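Engineer: Going by the numbering used here, the sequence shown opens with residue 18, and the numbers climb by one from there.
C-beta atoms are modelled at their ideal positions from N, C-alpha and C, and glycine is treated no differently.
Since the structure is predicted, the reported quantities are computational estimates derived from the model, not experimental observations.
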Amino acid sequence: MTPTDRARKSAEAMWANDNASKWAGMEITHVDEGIATLELTVEPHHCNGHGICHGGVIFMLADSAFAFACNSRNQSTVAQHNLINFLAPGKQGERLTAHAREVSLTGRSGIYDVSVTNQDGQKIAEFRGMSRAIKGHLFDE
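1. So, with DSSP's three-state summary, where would you put Ile75?
2. Excluding sequence positions up to five away, which residues of its chain have a Cβ less than 6 Å from the Cβ of Ser38?
3. On the CB-based measure, 16 or more other CB atoms within 10 Å of its CB, does Ala105 come out buried or exposed?
4. In terms of DSSP beta bridges, what is Gly133 paired with?
5. So for Asp22, helix, strand or coil by DSSP?
6. Could you give the distance in angstroms between the alpha-carbon of Lys140 and the alpha-carbon of Ser132?
7. For Ser126, name the three-state secondary structure that DSSP assigns.
8. So who's on the other strand from Met147, going by DSSP bridges?
What follows is the structure in structure tokens.
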């Protein structure tokens, strides 16, 4: 199995049980070894009292992209620490894209950067996730 095939199969296995990302309206648009891209259109129910996309929704989108990137090798992996910096508001009707890429993978620990942009390429947030591999796999190889 190629690394790309493994990443896709891992994503399919995770997506089948990821009710939270589906409930929020996310879509996986790309996955490969150590990378993943998810997208979300900001709907009225994603907006806070200021009329902009709730920071928790932006965090959730980035966290989901991070999850698909760090699980792309079919090794069950979870977050151990995440940090986000909000740079601009996400607005209703915008299409947000979270692109996650692996920065480092050493032993059971990984570091991933996720950029969240809107449809015009404006940076909305920068997220860094630290992962930890745990026992188990997403599918049998």
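Structural biologist: Quick answer:
1. Note: Ile75 maps to helix in three-state DSSP.
2. Cβ within range, chain order: Ser81.
3. By the neighbour-count rule (16 or more Cβ atoms within 10 Å), Ala105 is not buried but exposed.
4. With the sequence shown as reference, residue 133 is identified as Val, and Gly is not the correct amino acid for it. According to DSSP, Val133 bridges with Ala115, Ala142.
5. Helix, per DSSP.
6. When the Cα atoms are used, Lys140 and Ser132 turn out to be separated by approximately 7 Å.
7. Strand at Ser126.
8. His98, Ile128.
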